[in-house]
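Below is one structure, written out as C-alpha cells; comments come after it.
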Amino acid sequence: MESKVETTIDDTRASESATVTFQGRDYTAGGFQVDLVSGRMVAYVTRKGDQLILTTWAGQRIAGLYETGKTRGFYGAELVCYQTRHPVAGFYWHGRGLGEGMMLRLKKGRRA
Numbered sequence: 010m011e012s013k014v015e016t017t018i019d020d021t022r023a024s025e026s027a028t029v030t031f032q033g034r035d036y037t038a039g040g041f042q043v044d045l046v047s048g049r050m051v052a053y054v055t056r057k058g059d060q061l062i063l064t065t066w067a068g069q070r071i072a073g074l075y076e077t078g079k080t081r082g083f084y085g086a087e088l089v090c091y092q093t094r095h096p097v098a099g100f101y102w103h104g105r106g107l108g109e110g111m112m113l114r115l116k117k118g119r120r121a
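Count along the sequence shown starting at 1, add 9, and that's the number in our numbering.
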C-alpha cells in the first residue's frame, strides 16, 4: 500500500488531499483543512503518551489539545469536546468529535 499527500496553501486557506493506492486502485479523500474566512478547521485527534495533539492526516502536529467535557450527539453517541492549548493562525479553536484517531471539526474561537 502506498500513500501520498498534497497540500495547497493560500492567504486564508490550507487544505490537504490524501491518496492511498491499494491493490492498484487510487482512493483520494480530503485531509486537514483550515479556512480563516469561514472560521472552520478539519483535523485529527492523536494521543502521544499522555498528551492530546491536533494533527494533519499525514500526522504533522498542528497544536496541543485538551478535553473540555463530553456531550451527546444527534443519535446519542458520546462526543468529546476539545479546545486547542495554543493559538493556530492567531485564534484558539474548539470542537466536538468522537475521540482519538478520529476527524475533528473545529470552529474559530477567541483571538489570542
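A virtual CB, placed ideally from N, CA and C, is assigned to each residue, including glycine.
- Could you check which residue in Y36, G68, G39, V54 has the C-alpha nearest to that of T93? V54
- Item | Close beta carbons around K13, own chain, < 7 Å, minus the five adjacent residues each side | T28
- Message: Using 8 Å as the threshold, is the C-beta distance between G104 and A121 below it?
- Response: no
- Task: Using alpha carbons as the reference points, say which of Q42, A23, G58, S47 lies closest to E109.
- Result: G58
- Message: Suppose the cutoff is 8 Å on Cβ atoms and the five residues either side in sequence are ignored; what does the same chain contact list for M111 look like?
- Response: Y53, V54
- Message: Can you give me the C-alpha to C-alpha distance between L107 and E11, rounded to a whole angstrom?
- Response: 27 Å
- Could I get the ranges of all uninterrupted beta strand (DSSP E) runs contained in the segment 39 to 119, with 3 residues as the minimum, in chain order? 49 to 57, 60 to 64, 70 to 81, 87 to 93, 100 to 106
- Query: Straight-line CA distance for Y91 to W102?
  - Reply: 8 Å
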